[in-house]
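Visitor: Quick one: the structure is below, questions incoming.
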Amino acid sequence: GESVGLHLPTLSVQEGDNSIINCAYSNSASDYFIWYKQESGKGPQFIIDIRSNMDKRQGQRVTVLLNKTVKHLSLQIAATQPGDSAVYFCAENLNTGGFKTIFGAGTRLFVKA
Amino acid sequence: NAGVTQTPKFRILKIGQSMTLQCAQDMNHNYMYWYRQDPGMGLKLIYYSVGAGITDKGEVPNGYNVSRSTTEDFPLRLELAAPSQTSVYFCASTLKGSTEAFFGQGTRLTVV
Numbered sequence: 034g035e036s037v038g039l040h041l042p043t044l045s046v047q048e049g050d051n052s053i054i055n056c057a058y059s060n061s062a063s064d065y066f067i068w069y070k071q072e073s074g075k076g077p078q079f080i081i082d083i084r085s086n087m088d089k090r091q092g093q094r095v096t097v098l099l100n101k102t103v104k105h106l107s108l109q110i111a112a113t114q115p116g117d118s119a120v121y122f123c124a125e126n127l128n129t130g131g132f133k134t135i136f137g138a139g140t141r142l143f144v145k146a
Numbered sequence: 115n116a117g118v119t120q121t122p123k124f125r126i127l128k129i130g131q132s133m134t135l136q137c138a139q140d141m142n143h144n145y146m147y148w149y150r151q152d153p154g155m156g157l158k159l160i161y162y163s164v165g166a167g168i169t170d171k172g173e174v175p176n177g178y179n180v181s182r183s184t185t186e187d188f189p190l191r192l193e194l195a196a197p198s199q200t201s202v203y204f205c206a207s208t209l210k211g212s213t214e215a216f217f218g219q220g221t222r223l224t225v226v
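These protein sequences, in sequence, are chains D and U. Taking the numbering used here, the leading residue of the first sequence gets 34, the next gets one more, and so forth. Taking the numbering used here, the leading residue of the second sequence gets 115, the next gets one more, and so forth.
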């Protein structure tokens with residue numbers, strides 16, 4: 034079925050450390066996997082995506098890794114800053130004529146100063 | 115560009131009442147979406163549209179209706195509000211072929 038789940042509901046890291054947020058997915062037919070950041074009281078904001086035929090993609094301070102063998106997705110944030118504190122959602126994108134994006138439950142990241 | 119604009123920001127409805135949540139985008143995006151987000155949960159897709167005149171059901175369409183008469187607007191209609199529809203509703207849009215969705219600020223709806 035279509036489902037995206039997360040291993041941990043909360044993650045606490047020290048400022049300056051690297052953060053790793055994990056996600057499991059179940060739909061092998063997804064075209065893209067996406068990470069969104071949601072700050073309190075706001076709508077989600079796109080961070081980075083990765084196509085299903087790739088296993089790694091890097092952005093500014095973020096890296097997304099995709100392991101299709103075990104259906105696992107991770108978001109790595111380098112040198113975590115207080116502004117990174119938010120809820121992070123992984124999502125999978127099914128190309129069914131329109132882009133049907135299915136979200137997971139989210140991980141809350143706390144950054145300790 | 116204002117991006118994606120949702121109105122109202124907050125609303126309290128009584129059981130059985132109806133309302134329309136408005137969503138407009140000025141980015142000329144083809145695709146538009148409605149999601150609901152329950153407390154501490156992810157977003158559930160209600161309906162989406164790939165262009166004017168075309169809509170399709172998402173994961174949780176029951177109790178809702180949509181229309182897409184123009185590229186810019188994608189209103190969501192609740193006909194008979196129920197407490198289970200208490201949630202935060204987000205509208206989003208993307209360019210055709212893009213995964214980068216732009217979200218509105220949300221409408222917090224409480225049904226009592």
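A virtual CB, placed ideally from N, CA and C, is assigned to each residue, including glycine. Only a predicted model underlies this, so the values are computations on that prediction, with no experimental measurement involved.
(1) For Gln-71 of chain D, count the other beta carbons within 10 Å of its own beta carbon; 16 or more makes it buried, fewer makes it exposed. Which is it?
(2) Who are the neighbours of Phe-188 of chain U on chain D, taking C-beta pairs under 8 Å?
(3) In the DSSP output, what is Ser-107 of chain D paired with across the bridge?
(4) I need the straight-line Cα distance from Thr-113 of chain D to Ser-45 of chain D, nearest angstrom please.
(5) Using a threshold of 8 Å, state whether the C-beta atoms of Thr-121 of chain U and Gln-136 of chain U are closer than that.
(6) If we require 3 or more residues per run, which beta strand (DSSP E) segments fall completely within the region 174-199 of chain U?
(7) What is the DSSP secondary structure of Gly-165 of chain U, counted as helix, strand or coil?
(8) I need the boundaries of the beta strand (DSSP E) containing Asp-82 of chain D, first residue and last residue.
(9) Which two residues bound the contiguous beta strand (DSSP E) that contains Val-46 of chain D?
(10) For Ala-215 of chain U, go through chain D and note every residue whose CB falls closer than 7 Å to its CB, in chain order.
(11) In three-state terms, what does DSSP make of Asp-117 of chain D?
(12) In the region 44-64 of chain D, which residues sit with their C-beta less than 9 Å from some C-beta in chain U, listed in chain order?
Guide: Reading from the atomic positions:
(1) Locating residue 71 of chain D in the first sequence gives position 38, counting from the first residue. By the 10 Å Cβ count, Gln-71 of chain D comes out buried.
(2) Reading the second sequence from its first residue, position 74 is the one you call residue 188 of chain U. Here the premise fails: no neighbours, minimum Cβ distance about 12 Å.
(3) Residue mapping note: residue 107 of chain D aligns to position 74 of the first sequence, counting from 1. For Ser-107 of chain D, which the question treats as bridged, DSSP gives the partners D:Asn-55, D:Leu-98.
(4) Looking up residue 113 of chain D in the first sequence gives position 80. Looking up residue 45 of chain D in the first sequence gives position 12. If I take the Cα positions, the gap works out to 11 Å.
(5) Residue 121 of chain U sits at position 7 when you count from the first residue of the second sequence. Residue 136 of chain U sits at position 22 when you count from the first residue of the second sequence. For Thr-121 of chain U and Gln-136 of chain U, yes; Cβs fall inside 8 Å.
(6) 178-180, 190-192
(7) Counting from one through the second sequence, the residue named residue 165 of chain U turns up at place 51. Strand.
(8) Locating residue 82 of chain D in the first sequence gives position 49, where the first residue counts as 1. Per DSSP, Asp-82 of chain D belongs to the beta strand (DSSP E) from 78-84.
(9) As a working mapping, residue 46 of chain D is identified with position 13 in the first sequence. It spans 43-47 - the beta strand (DSSP E) in which Val-46 of chain D sits, taken as one unbroken run.
(10) One-based indexing of the second sequence puts residue 215 of chain U at position 101. Correct list: Phe-79, Thr-134.
(11) Along the first sequence, one-based indexing puts residue 117 of chain D at 84. In this structure, Asp-117 of chain D counts as helix in the three-state DSSP scheme.
(12) Asp-64
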